[in-house]
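Offset between the sequence shown (1-based) and this note's numbering: plus 175.
Glycine included, C-beta positions come from ideal geometry on N, C-alpha and C.
Reading through the structure tokens given below for one structure.
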Amino acid sequence: MRFHPCSRLKLRKAGNVASSELARDINRSSVLDSIRTGQPLSRADLARQTGLQRSTVSLIVDELIDEGWVVEGAFGQLPRGRRPRLLYLNTDRAGIIGINIMPRQTTIALADLNGHIRAQESIPTQPNPKSFIDVLSSYSRSLIQHHPEVTFEGIGISVPGRVDYRSQRLEFSANLGWHRVDLKGPLERSTGLSVQIENAANACALAEVWSGPHEGMSDLVAVTVSDGIGTGIIANGHLVRGPSGAAGEFGHVCMNPEGPVCRCGGRGCWEVYASNDAAIRNYCGQKPNRSRNARKSGDGPATSFTDILSLAERGDRGAGRALDEMARYLGLGTAMLINGLAPAVIVLVGEVTRAWKRVGPIIEKKVRECAHTHAATRIEPADDSKQPRLRGTIALVLQKHFRPRLFV
Ligand SMILES: [Zn+2]
176 MRFHPCSRLK LRKAGNVASS ELARDINRSS VLDSIRTGQP LSRADLARQT
226 GLQRSTVSLI VDELIDEGWV VEGAFGQLPR GRRPRLLYLN TDRAGIIGIN
276 IMPRQTTIAL ADLNGHIRAQ ESIPTQPNPK SFIDVLSSYS RSLIQHHPEV
326 TFEGIGISVP GRVDYRSQRL EFSANLGWHR VDLKGPLERS TGLSVQIENA
376 ANACALAEVW SGPHEGMSDL VAVTVSDGIG TGIIANGHLV RGPSGAAGEF
426 GHVCMNPEGP VCRCGGRGCW EVYASNDAAI RNYCGQKPNR SRNARKSGDG
476 PATSFTDILS LAERGDRGAG RALDEMARYL GLGTAMLING LAPAVIVLVG
526 EVTRAWKRVG PIIEKKVREC AHTHAATRIE PADDSKQPRL RGTIALVLQK
576 HFRPRLFV
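So this is what it looks like as structure tokens:
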């Protein structure tokens with residue numbers, strides 16, 4: 176079997192006992208992930224795919240069956256000899272809770288081990304984090320109680336803000352107006368489940384390379400476009416966080432030092448021109464501060480971004496112009512990402528992708544005008560109907576249990 180270089184380092188430092196535990200964990204993840212990606216498989220298939228001995232595979236499979244991760248299904252076909260029992264992920268038994276927190280709305284979902292969402296509910300996001308954590312705890316406990324047949328493997332949460340990876344605390348979210356919020360501790364105490372929390376763009380990037388159309392890709396950038404703009408960067412197979420977890424804030428790269436004031440305190444940031452809020456302001460003729468104050472006071476902007484999409488679809492010229500302007504700036508920022516990072520793919524995530532026929536060509540044109548590095552980066556919209564942000568929360572939990580292909 177192959178170890179990642181970091182794993183070898185850990186093995187050398189940890190001593191024999193820890194080494195054997197780590198090797199066992201890696202072997203187990205390797206078997207589990209092979210079943211996930213290739214099911215149904217026999218034990219012999221698994222031995223061939225993982226490079227492990229048949230006896231080791233059998234021991235691991237027995238353990239996975241005992242714990243409810245894997246089930247035996249139909250008999251496979253062989254030209255001669257005993258027909259092997261095929262192995263599947265036990266999607267009926269194990270489940271994950273995913274929580275996607277956005278400034279206006281939060282979605283809570285139950286997914287199975289294949290990442291398929293079996294139930295979901297959306298609730299308004301409350302401005303006070305403390306009381307909102309109580310609400311999330313209550314919903315999570317209710318999901319657990321209503322599905323006694325499910326063994327819950329954990330909770331994944333995505334937030335539009337910066338997360339300290341070590342403490343798993345939300346350090347700052349301009350869009351939520353939350354500072355230094357511990358979601359993990361209270362939720363773990365309340366539900367008894369392990370909680371993983373991640374920046375929304377990072378979670379989307381993980382979901383893309385974990386089980387999305389770009390599975391296994393090692394260089395990808397996910398750009399989440401909503402009230403603001405976030406970027407999740409996977410480079411050389413690693414999620415790029417930076418020492419403080421603040422990497423990827425391309426939404427706050429200055430495009431114009433004389434531009435409108437941004438939520439971050441700067442001026443003329445990319446998200447001031449290319450986010451949903453930018454299109455709303457453009458359409459409503461609002462200044463950024465006015466729009467923000469309106470939301471703080473509870474009035475909210477007169478028009479939502481979804482309204483602008485519908486209006487543009489019905490031929491409203493003002494809404495169309497607002498989308499076109501947003502698309503030009505999305506293209507400008509995308510060109511910056513291509514010039515700086517040259518990933519294989521940039522995936523755009525958000526409601527704006529529903530208007531891809533309109534905005535896609537504008538983005539591509541701007542990129543052709545502004546990116547001259549011959550990076551050959553593809554620009555693709557995530558399928559908004561498949562809820563990429565929510566899938567990201569599920570991937571956070573799943574990737575902890577399966578093969579650690581991303582050493583995050
Ligand atoms: Zn900013």
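Contacting residues, own chain, Cβ-Cβ under 8 angstroms from residue i (five flanking each side not counted)
i, result
"THR300", "ILE276, MET277, PRO278, ARG279, GLN280, THR281, PHE307 and LEU351"
"ARG533", "ALA487, GLY495, LEU498, ASP499 and ALA502"
"ASN411", "SER393 and ASP394"
"PRO215", "GLY248, ALA249, GLY251, LEU261, LEU262 and TYR263"
"THR326", "GLY243, ARG268, ALA269 and GLY270"
Neighbourhood of residue i by C-beta distance below 6 angstroms, restricted to the same chain and skipping five residues each side
i, result
"VAL356", "PRO304 and LEU345"
"ALA566", "Correcting the residue type first, residue 566 is Arg in the shown sequence and not Ala. ALA382, listed in sequence order."
"PHE347", "GLY336, ARG337 and HIS354"
"TYR504", "TYR448 and ALA449"
"HIS576", "none"
"THR284", "Looking at the sequence itself, residue 284 is Ala, so the reference to Thr does not match. Same-chain partners within the cutoff: GLY273, ILE292, GLN295 and LEU565."
"GLN224", "SER209"
Own chain residues within Cβ distance below 7 angstroms of residue i, not counting five before or after
i, result
"ASN464", "Residue placement at ASN464 cannot be trusted, given a pLDDT of 44 that sits under 50; what the coordinates show is reported in the next sentence. Same-chain partners within the cutoff: VAL436."
"LEU571", "GLY331, GLN371, GLU373, ALA378 and LEU381"
"PRO388", "none"
"LEU395", "ALA380, GLU383, VAL384, HIS389, ILE409, PRO518, ALA519, VAL520 and VAL522"
"ARG199", "none"
"ALA454", "PHE480, ILE483, ALA497, LEU498 and MET501"
"SER312", "PRO361, LEU362, SER365 and THR366"
"THR478", "ILE455, TYR458 and CYS459"
"ARG529", "LEU484 and ASP559"
"ALA142", "Outside the displayed range of the chain (176 to 583) lies residue 142, so it cannot be described from this structure."
Member of the options whose CA lies at the smallest distance from the CA of residue i
i, options, result
"VAL527", "ALA449, PRO323 and GLY440", "ALA449"
"VAL246", "GLY329, LEU358, PRO388 and ILE210", "ILE210"
"HIS354", "CYS439, GLU555, MET392 and GLY460", "CYS439"
"ILE240", "ALA219, ILE271, LEU207 and SER230", "LEU207"
"SER342", "ILE283, HIS321 and PRO418", "PRO418"
"ALA551", "THR406, SER205, GLY506 and ASN514", "ASN514"
"HIS322", "SER348, ALA294 and ASP309", "ALA294"
"SER205", "PRO215, ALA222, SER217 and SER195", "ALA222"
"GLU196", "HIS413, GLY441, ILE235 and THR212", "ILE235"
"SER560", "GLY525, VAL542, PHE577 and CYS545", "GLY525"
"GLY420", "LEU512, LEU318 and GLY336", "GLY336"
"LYS540", "LEU507, SER230, MET511 and THR548", "LEU507"
"LEU264", "GLY243, GLY423 and ARG564", "GLY243"
"GLY426", "GLY248, ILE292 and THR399", "THR399"
"TRP445", "SER233, LEU414, VAL415 and THR406", "THR406"
"ASN289", "PRO556, THR266 and THR225", "THR266"
"ILE201", "ALA510, ASP402 and VAL232", "VAL232"
Residue i burial status per 10 Å Cβ neighbour count (16 or more: buried)
i, result
"ASN377", "buried"
"SER472", "Per-residue confidence for SER472 stands at a pLDDT of 42, beneath the threshold of 50, marking its modelled position as unreliable; the derived number appears in the next sentence. With fewer than 16 other Cβ atoms within 10 Å, it is exposed."
"ARG456", "buried"
"PRO432", "exposed"
"GLN562", "buried"
"ASP452", "buried"
"LEU227", "buried"
"PHE250", "exposed"
"ILE404", "buried"
"ARG203", "buried"
"ARG218", "buried"
"SER466", "Annotation note: pLDDT 45 at SER466 (below 50); position unreliable, no value reported."
"HIS549", "exposed"
"SER315", "buried"
"GLU324", "exposed"
"ARG298", "Here residue 298 turns out to be Ile, not Arg, going by the sequence shown. Per the 10 Å Cβ criterion, exposed."
"LEU512", "buried"
"THR568", "buried"
"GLU328", "buried"
"ASP220", "buried"
"GLU544", "exposed"
heavy atom of ligand 2 below 7 angstroms from residue i C-beta
i, result
"ARG566", "Questions concerning ligand 2 fall outside what the structure shown contains, since the ligands it does hold are ligand 1."
Relative to ligand 1, what is the chain-ordered list of residues with a Cβ closer than 5 angstroms to any of its non-hydrogen atoms? HIS427, CYS437, CYS439, GLY441 and CYS444
At what residue ranges does the stretch 320-397 contain a whole run of the beta strand (DSSP E), taking only runs of 3 or more? 326-334, 337-339, 344-348, 353-356 and 370-374
Going residue by residue through the stretch 500-568, where are the continuous alpha helix (DSSP H) segments of at least 4 residues, counting only ones entirely within it? 531-545
Which ranges would you report for the beta strand (DSSP E) in the stretch 199-253 if only whole runs of at least 3 residues count? 245-250
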